[in-house]
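Colleague: Let me give you the structure first, and then I'll get to my questions.
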Amino acid sequence: MKKENVLASYLIHLGEEVFYLLLAKGAKKEDAEDIVQDTFYKVYTLLDNLTESNIRPWFFRVSLNQYIDLKRKKEHQNIYLTEEIYSKLQHIDCEFDTFLNKDEIFYLLKDVKKEYKEIFLLKYYYDFSYEEIALILDIRVDSVKQKLYRSRKFIYSKIGGKK
15 MKKENVLASY LIHLGEEVFY LLLAKGAKKE DAEDIVQDTF YKVYTLLDNL TESNIRPWFF
75 RVSLNQYIDL KRKKEHQNIY LTEEIYSKLQ HIDCEFDTFL NKDEIFYLLK DVKKEYKEIF
135 LLKYYYDFSY EEIALILDIR VDSVKQKLYR SRKFIYSKIG GKK
């Protein structure tokens with residue numbers, strides 16, 4: 015029983031090491047946790063085949079490979095999403111809500127300043143008028159138009175447009 019406790023402690027320590035390594039490499043906390051959990055499962059299923067000397071390098075390698083696969087998958091999704099959005103936006107001026115779904119809108123707005131994001135969502139996602147947005151946010155209508163213009167300009171520049 016004592017040997018099992020030592021192994022469990024060692025594996026927990028390895029999991030923590032790998033978790034912090036993944037965070038240092040840029041993984042999100044949730045992704046790092048999922049990767050470590052998957053690796054623990056693989057260790058459990060292959061425990062009879064692993065030796066004491068190769069558990070640590072194997073644990074790190076499997077975790078890093080999973081992280082690389084996850085990164086590739088996300089990069090591929092981001093490239094596809096950006097190209098798809100760009101092709102939709104080439105044919106429109108300002109009717110974003112007609113052409114973009116909710117996920118695409120939130121993806122585009124992730125790097126937009128909070129004040130611009132808020133106005134953009136109120137206009138194109140919730141379909142408020144300029145006057146209603148001004149009333150909701152307690153700002154002038156001209157400010158709403160200006161911030162909306164800046165948010166659209168940022169989005170166009172983000173996806174490769176020149177607007």
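Counting from 1 along the sequence shown, just add 14 to a position and that's the residue number in this note's numbering. Cβ coordinates follow ideal geometry from the N, Cα and C atoms, glycine included. None of these values were measured; they are calculated from a predicted model.
#1: Counting only runs of 4+ residues fully inside the region 25-95, write out the alpha helix (DSSP H) ranges in chain order.
#2: Can you say whether isoleucine 147 is buried or exposed, counting buried as having 16 or more other CB atoms within 10 angstroms of its CB?
#3: Specify the secondary structure class of phenylalanine 142 as computed by DSSP and reduced to three states.
#4: According to the neighbour-count rule (16 or more other Cβ atoms, all chains shown, within 10 Å of its Cβ), is lysine 137 buried or exposed?
#5: Just checking, does the region 80-87 make contact with the region 64-72 on the three C-beta pairs under 8 Å criterion?
#6: Can you list, in chain order, the residues of its chain with a C-beta nearer than 7 Å to that of leucine 162? Leave out the 5 residues immediately preceding and following it.
#7: So what does DSSP say about arginine 164, is it helix, strand or coil?
#8: Tell me whether the beta-carbon of leucine 122 lies closer than 8 Å to the beta-carbon of lysine 172.
Modeller: Working from what's here:
#1: 43-60
#2: By 1-based counting over the sequence shown, the position of residue 147 is 133. Isoleucine 147 is buried by the Cβ-count criterion.
#3: On the sequence shown, position 128 is the one that residue 142 refers to. It is coil, neither helix nor strand.
#4: One-based indexing of the sequence shown puts residue 137 at position 123. Buried, because 16 or more other Cβ atoms sit within 10 Å of the Cβ of lysine 137.
#5: no
#6: In the sequence shown, the residue the question calls residue 162 occupies position 148. Same-chain partners within the cutoff: Ile133, Phe134, Lys137.
#7: Residue mapping note: residue 164 aligns to position 150 of the sequence shown, counting from 1. Three-state result, arginine 164: helix.
#8: Here residue 122 refers to the residue found at position 108 when the sequence shown is read from its first residue. Here residue 172 refers to the residue found at position 158 when the sequence shown is read from its first residue. Yes; because the gap between Cβ atoms is below 8 Å, this pair is in contact.
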